[in-house]
Amino acid sequence: IDAAGAEWPRLREGSHLSNRIRVGRGKPLPILIFLKICVIIKENEKDDFMNQPKIYLIGDPHFWHRAIIRYCNRPFMTVEEMNETLIKNWNTVVGKHDIVYILGDFALCGKDRIIEITQKLNGRKRLILGNHDGASLETYRNAGFEYVYNHPIILEEFYRLSHYPQTYNQSNGLYANVL
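According to my numbering, the stretch in the sequence shown is residues 2 to 180, in order.
Next comes the structure, spelled out in structure tokens:
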């Protein structure tokens, strides 16, 4: 079900996606603006699934990055409107105990604003640094990120999470600009 409540077709059982991961789909915009969720749930596991923390992926939210509105044709008049919408949509979907992997370019601003934005967002946040994440590791940790990675990581022994496109062909790679 997407953020607007529309249902998506169920994926075939046995596909490569874990039954615990929700993956955004769409253009290279912040996924939680136009969140489309694909979930594999076996009927007999529905209650267990609903009570578990969920795992979300998002790339390139670019909080406080004024120029990104023009560069990516985002539907906002001001950076403040963009930030408010991102926060509202994020918190509508993500619960307090859910895990969110941010695949780079979290915010283009100073330390105080990074802390302010992070504290407004639900979930347990984990950041894989991108080219616009220029604050110190200490700043991100003080802001409330559980983990901060300066390199790609492997999730659930299968998914390679990275801000940057990989230089080789791999079917299990997810990176910010193709989610």
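From the three backbone atoms N, C-alpha and C, an ideal C-beta is built for every residue, glycine too. The structure presented is a predicted model; accordingly, all values stated were derived computationally and were not measured.
At a Cβ-Cβ threshold of 7 Å, P54 and D99 count as neighbours. DSSP, read as helix, strand or coil, puts K89 in helix. Of the candidates Y141, I59 and P153, the residue whose Cα lies closest to the Cα of C110 is Y141. A residue is called buried when at least 16 other Cβ atoms come within 10 angstroms of its Cβ; P62 meets this threshold and is buried. The residues I88, in chain order, have a CB closer than 6 Å to that of K121 in the same chain once the five nearest residues on each side in sequence are set aside.
In the same chain as I116, and ignoring 5 residues on each side of it, the C-beta atoms closer than 8 Å to its own belong to T140, N143, A144 and G145, in chain order. Looking at the DSSP output, V149 bridges to L128.
Here A68 is not bridged, per DSSP, to any residue. Rounded to whole angstroms, the gap between the alpha carbons of A108 and I70 is 13 Å. For Y141, the enclosing alpha helix (DSSP H) covers residues L138 to A144.
Per DSSP, reduced to three states, the secondary structure at V95 is coil, with no helix or strand assignment.
Bridge pairing for I155: R161 [DSSP]. Minimum Cα-Cα distance from Y165 among the listed residues D134, G96 and K112 corresponds to D134. The beta carbon of K126 lies closer than 7 Å to those of V101, I103, T119, G145, F146 and E147 in the same chain, with the five residues before and after it left out. It is roughly 7 Å from the alpha-carbon of K112 to the alpha-carbon of A136.
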